[in-house]
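Residue numbers (this note's numbering), protein chains in the order written: chain A, 1 to 304; chain B, 1 to 206. What follows is a short report on a single structure.
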Amino acid sequence: MLVLVFSACRNDKKSVQHKKIAVIVSTLNNPWFVFLAQTAAAQAESMGYDAKIFDSQNNTALESDNFDNAIASGYNAILFNPTDANGSVSNVLKAKKAGVPVFCMDREVNSVNAATSQILSDSYSGCVDLAKCFVQALHKKGTYVEILGLVADNNTWNRSKGFHSLVDYYPGLKMVAQQSADFDRNKAMEVMESILQAHPDIDAVFCGNDAMASGAYQALAAAGKANHVKVFGFDGSADVIEAIKDKKITATCMQFPKVMAQTAAQYADEYFKGKRDFPKKIQVAAELVTYNNIDDYIAFGKKN
Amino acid sequence: MAKKLLKYIVILVICLFVAYNSVYFKKLSDVNATGNTFNAAAYSQNYLENDLLKSLNHIPSTDTILTFIKANPNDAFNKYSHALDIGNIKYFMTKGSGTVIAIDESDIYLKTTGNQNIKIATEYVFGNALRDAPGTININDFTNTADLNNISAEVDKMVRDSILPPFKKQVKKGDQIEYAGAFELNQQHLNTDSLEIIPFYLKIKK
């Protein structure tokens with residue numbers, strides 16, 4: 001009897017060890033996504049699985065190759081951060097057809113039936129809170145610029161819509177430019193420099209993520225305008241948390257990549273153990289971070 | 001010569017026609033909005049009338065919720081709050097009555113019959129409180145989260161456009177009012193001192 005029990009335990013451990021989880025992430029050119037991918041991989045490894053990170057470099061074609069490689073290499077589940085809400089659906093369906101469950105993290109794909117589950121950040125609500133802070137900080141009047149993320153990503157629009165759902169009710173606040181910088185710090189700096197040529201007297205910048213907020217702040221500092229122009233980001237990255245402490249950036253919204261990554265890995269583990277009734281989508285609340293509550297937060301999360 | 005000129009004019013017209021139809025400018029947000037078939041306005045109208053206003057009799061009072069939260073926060077959150085999101089932000093449906101003690105451009109300050117100090121939002125009526133607090137909407141019924149977010153935007157807009165203006169015109173300090181709405185609390189960093197209710201029902205008692 002003991003031999004049988006021992007043998008069953010050994011087999012169970014062996015099967016866990018042989019399962020492999022692929023972490024396919026939109027880009028590793030942004031610390032936030034590096035943290036998301038590494039946390040997901042670490043969580044998978046802590047549960048006894050082999051894990052490998054694939055970088056799609058914000059390119060759906062490369063993402064497709066990553067899916068092909070993961071499927072061909074026998075990965076048993078994919079923890080996925082998509083590059084394109086529509087363009088990534090076919091990749092998820094490809095994995096589904098191959099019997100590989102996909103758990104989306106942070107960004108969604110526009111299909112309720114493709115992914116096994118999608119664990120997303122509630123960008124819209126976070127940006128509504130951010131917008132209220134924006135209106136109050138500017139005393140309801142002034143000119144501002146919006147720097148958008150990837151145009152094909154739903155988070156870009158959820159953040160923009162959340163922000164505008166409130167700010168657009170204030171006629172004293174005028175958006176003088178709206179441009180995409182693909183969630184990229186360097187591009188945001190270039191975009192900001194170019195916008196400042198045409199609109200040197202802006203009062204604020206709303207950026208779709210913290211990397212772009214840092215880039216925009218850099219451009220403003222170089223132009224000698226950082227003290228006047230209020231910068232708002234979204235993510236809760238280390239740079240911006242420090243910048244809020246130093247009163248360089250006015251506010252951001254804290255996402256919780258650790259919660260999303262760990263939940264995705266946990267779901268994969270439960271899937272391997274037979275669970276199938278996952279919620280198709282769950283959202284993780286984002287929280288407003290300003291100088292007033294900065295002591296409650298650390299980079300990528302909340303102090304315990 | 002005239003023939004040559006005519007030829008150039010025709011070529012120019014064709015070039016202008018092609019150029020005019022080849023280049024156009026649209027807001028990025030408008031481009032993204034195309035192809036969406038969900039009617040958020042109709043859904044939200046029905047939600048306001050049937051899920052919110054018809055539930056008035058079953059909503060717990062603010063005094064009851066706050067007393068419970070102070071005595072046993074975890075049980076109070078489990079019993080009364082809802083959220084579509086996982087995390088620390090939770091929403092409560094609530095109703096009550098009280099006396100208006102102050103009014104500013106953003107809020108009406110109220111002392112409830114149970115002696116609690118609360119605010120009724122009259123300016124910043126935005127966000128997901130009214131959508132999430134009843135716990136009747138399922139995120140998985142929607143193809144993408146943009147549809148879900150549009151429900152919040154539409155319900156809030158209806159409150160701002162239809163419910164608040166007649167109330168704000170009449171209300172004054174000292175009035176006795178009835179209200180129903182929803183409020184948000186952070187479960188990990190609990191602070192009930194500046195509770196702000198997003199209303200969907202407001203009535204000045206005669």
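Note that the Cβ used here is the ideal one computed from N, Cα and C, for glycine as well.
Open item on the list: By DSSP's criteria, Glu242/A is part of a beta bridge. Which residues make up the other side?
Closed with: The count along the first sequence starts at 1 and reaches residue 242/A at position 242. Answer by DSSP bridge pairing: none, since Glu242/A is not bridged.
Task: the segment 6-21 of chain B in contact with the segment 114-121 of chain B per 3-pair CB rule at 8 Å - done: With a cut-off of 8 Å, the segment 114-121 of chain B and the segment 6-21 of chain B do not count as touching, because too few Cβ pairs lie within range.
Task: Sub-7 Å separation of Met105/A and Asn86/A beta-carbons - done: Locating residue 105/A in the first sequence gives position 105, counting from the first residue. Locating residue 86/A in the first sequence gives position 86, counting from the first residue. Cβ atoms of Met105/A and Asn86/A: not closer than 7 Å.
Open item on the list: With H, G and I counted as helix, E and B as strand and the rest as coil, what does DSSP make of Phe272/A?
Closed with: Reading the first sequence from its first residue, position 272 is the one you call residue 272/A. Correct three-state label for Phe272/A: helix.
Task: Whole-angstrom C-beta distance between Phe300/A and Phe134/A, which should lie under 8 Å - done: By one-based count along the first sequence, residue 134/A stands at place 134. By one-based count along the first sequence, residue 300/A stands at place 300. Contact flag wrong, Cβ pair sits at about 23 Å.
TODO: Please decide whether Val128/A counts as near chain B, where near means a Cβ-Cβ distance under 7 Å.
DONE: Numbered from its first residue, the first sequence carries residue 128/A at position 128. With 7 Å as the cut-off, Val128/A counts as an interface residue toward chain B.
TODO: Taking the CB atoms as reference points, tell me whether Ile151/B and Leu84/B lie closer together than 7 Å.
DONE: Within the second sequence, residue 151/B is the residue found at index 151, counting from 1. Within the second sequence, residue 84/B is the residue found at index 84, counting from 1. No, the Cβ-Cβ distance between Ile151/B and Leu84/B is not below 7 Å.
Task: Within-7 Å CB hit, Asp85/B to chain A - done: One-based indexing of the second sequence puts residue 85/B at position 85. True, the Cβ-Cβ gap to chain A drops below 7 Å.
TODO: Closer than 9 Å, Cβ to Cβ, to anything on chain B: give me those residues from the segment 261-288 of chain A, in chain order.
DONE: Those would be Thr263, Pro279, Lys280, Lys281, Ile282, Gln283, Val284, Ala285, Ala286 and Glu287, in chain order.
- [ ] Would you please verify whether the beta carbon of Ser165/A is less than 7 Å from any beta carbon of chain B?
- [x] Taking the first sequence and counting its residues from 1, one reaches residue 165/A at position 165. For Ser165/A, the nearest beta carbon of chain B is closer than 7 Å to its own beta carbon.
TODO: Measure the Cβ-Cβ separation of Ile324/A and Ala42/A and say whether it is below 7 Å.
DONE: Because residue 324/A is not part of the residues shown, which for chain A are 1 to 304, the question remains open.
- [ ] List the DSSP bridge partners of Gln38/A.
- [x] As a first step, residue 38/A is located in the first sequence; it is residue number 38 there, counting from the start. Answer is none; Gln38/A lacks a bridge partner.
Task: Boundaries of the alpha helix (DSSP H) in which Met254/A is found, first to last residue - done: Walking along the first sequence from the start, residue 254/A turns up at place 254. Taken as a continuous stretch (DSSP letters only), Met254/A belongs to no alpha helix (DSSP H), being part of the beta strand (DSSP E) at Ala251 to Met254.
Task: Cβ-Cβ distance between Ile204/B and Gln170/B below 7 Å - done: Numbered from its first residue, the second sequence carries residue 204/B at position 204. Numbered from its first residue, the second sequence carries residue 170/B at position 170. Going by beta carbons, Ile204/B and Gln170/B fall inside the 7 Å limit.
Task: Delimiting residues of the beta strand (DSSP E) encompassing Val100/B - done: In the second sequence, counting from the first residue as 1, residue 100/B sits at position 100. Per DSSP, Val100/B belongs to the beta strand (DSSP E) from Ile89 to Ile103.
- [ ] Would you mind sorting Glu55/A into buried or exposed? The rule is 16 or more other CB atoms within 10 Å of its CB.
- [x] Counting from 1 along the first sequence, the entry for residue 55/A is found at position 55. The displayed chain sequence assigns Asp, not Glu, to residue 55/A. Residue burial is scored here from C-beta neighbours: Asp55/A has at least 16 other C-beta atoms within 10 angstroms and is therefore classed as buried.
- [ ] Using beta-carbon positions only, say whether Thr250/A and Ala70/A come within less than 7 Å of one another.
- [x] As a working note, residue 250/A is residue 250 in the first sequence. As a working note, residue 70/A is residue 70 in the first sequence. Result no, Cβ atoms of Thr250/A and Ala70/A do not sit closer than 7 Å.
TODO: For Ser88/A, return the contacting residues in chain B, with the cut-off set at a CB-CB distance below 7 Å.
DONE: Locating residue 88/A in the first sequence gives position 88, counting from the first residue. The premise fails here: Ser88/A is roughly 13 Å from chain B at the closest Cβ pair, so nothing lies under 7 Å.
Open item on the list: Here's the rule I'm using: 16 or more other beta-carbon atoms within 10 Å means buried, otherwise exposed. How should Val13/B be labelled?
Closed with: Within the second sequence, numbered from 1, the residue matching residue 13/B stands at position 13. A residue is called buried once 16 or more other Cβ atoms fall within 10 Å of its Cβ, and Val13/B, having fewer, is exposed.
TODO: Report the three-state DSSP secondary structure of Met175/A (helix, strand or coil).
DONE: Indexing the first sequence from 1 puts residue 175/A at position 175. Met175/A carries a strand assignment under DSSP once its states are collapsed to helix, strand and coil.
Open item on the list: For a cutoff of 7 Å on Cβ pairs, would you count Tyr124/A as touching chain B?
Closed with: Taking the first sequence and counting its residues from 1, the one referred to as residue 124/A is at position 124. Yes, Tyr124/A lies at the interface with chain B (some Cβ there is under 7 Å from its Cβ).
Open item on the list: Taking CB distances under 7 Å as the criterion, tell me whether Asp296/A reaches chain B.
Closed with: For the purposes of this step, residue 296/A is taken as residue 296 along the first sequence, with counting starting at 1. It does: the Cβ of Asp296/A has a partner Cβ on chain B nearer than 7 Å.
Open item on the list: With distance defined between alpha-carbon atoms, name the residue in Arg131/B, Asn149/B, Glu184/B and Ile89/B nearest to Met254/A.
Closed with: Along the first sequence, read from residue 1 onward, the residue named residue 254/A stands at position 254. Between Met254/A and the set Arg131/B, Asn149/B, Glu184/B and Ile89/B, the nearest pair of CA atoms involves Ile89/B.
Task: Run of the alpha helix (DSSP H) containing Gly124/A, from where it starts to where it stops - done: Walking along the first sequence from the start, residue 124/A turns up at place 124. Residue identity check: residue 124/A is Tyr in the sequence provided, not Gly. Where Tyr124/A is concerned, the enclosing alpha helix (DSSP H) stretches over Ser123 to Ala137.
TODO: Mark Glu105/B as exposed unless 16 or more other C-beta atoms lie within 10 angstroms of its C-beta, in which case mark it buried.
DONE: Within the second sequence, numbered from 1, the residue matching residue 105/B stands at position 105. When all chains shown are included, Glu105/B counts as exposed.
Task: Element boundaries [alpha helix (DSSP H), containing Ala216/A] - done: Position 216 of the first sequence, counted from the start, is the residue given in the question as residue 216/A. DSSP places Ala216/A inside the alpha helix (DSSP H), whose first and last residues are Asp210 to Ala222.
TODO: Spell out whether any CB of chain A is found under 7 Å from the CB atom of Asp193/B.
DONE: Sequence index remark: in the second sequence, residue 193/B carries index 193 (1-based). The beta carbon of Asp193/B does not come within 7 Å of any beta carbon belonging to chain A, so the residue lies off that interface.
- [ ] Taking Asn150/B as part of the alpha helix (DSSP H), name the residues at either end of that continuous run.
- [x] For this step, residue 150/B is matched to residue 150 along the second sequence. Counting along the chain, Asn150/B sits inside the alpha helix (DSSP H) bounded by residues Thr145 to Met158.
Open item on the list: Determine whether the beta carbon atoms of Ile69/B and Ala76/B lie at a separation below 7 Å.
Closed with: If you number the second sequence from 1, residue 69/B lands on position 69. If you number the second sequence from 1, residue 76/B lands on position 76. Contact: yes.
- [ ] Quick one: measure Cβ to Cβ for Ala102/B and Phe183/B, integer angstroms, because I've assumed they're closer than 8 Å.
- [x] Along the second sequence, read from residue 1 onward, the residue named residue 102/B stands at position 102. Along the second sequence, read from residue 1 onward, the residue named residue 183/B stands at position 183. Contact between Ala102/B and Phe183/B fails: their C-beta atoms lie close to 18 Å from each other, not under 8 Å.
TODO: Identify each residue in the segment 236-247 of chain A for which the Cβ-Cβ distance to at least one residue of chain B is less than 7 Å, and report them in chain order.
DONE: Against chain B - using a Cβ distance shorter than 7 Å - the segment 236-247 of chain A contributes no residues.
Task: Buried or exposed by the 16-neighbour rule on C-beta atoms within 10 Å, applied to Val191/A - done: Numbered from its first residue, the first sequence carries residue 191/A at position 191. Val191/A comes out buried.
Task: Length at least 3, wholly inside the segment 46-75 of chain A: the beta strand (DSSP E) runs in chain order - done: Runs of the beta strand (DSSP E) inside the segment 46-75 of chain A: 50-55.
TODO: Would you kindly check if the distance between the Cβ of Leu110/B and the Cβ of Gly127/B is under 7 Å?
DONE: Sequence index remark: in the second sequence, residue 127/B carries index 127 (1-based). Sequence index remark: in the second sequence, residue 110/B carries index 110 (1-based). No. Outside cutoff.
Task: Proximal residues, the segment 138-160 of chain A versus chain B, C-beta separation under 7 Å - done: If the cut-off is 7 Å between Cβ atoms, the segment 138-160 of chain A has Leu148, Val151, Asn154, Trp157, Asn158 and Ser160 near chain B.
Open item on the list: Is there a C-beta anywhere in chain A that falls below 7 Å from the one on Gly127/B?
Closed with: Position 127 of the second sequence, counted from the first residue, corresponds to residue 127/B. Yes, Gly127/B counts as interfacial toward chain A.
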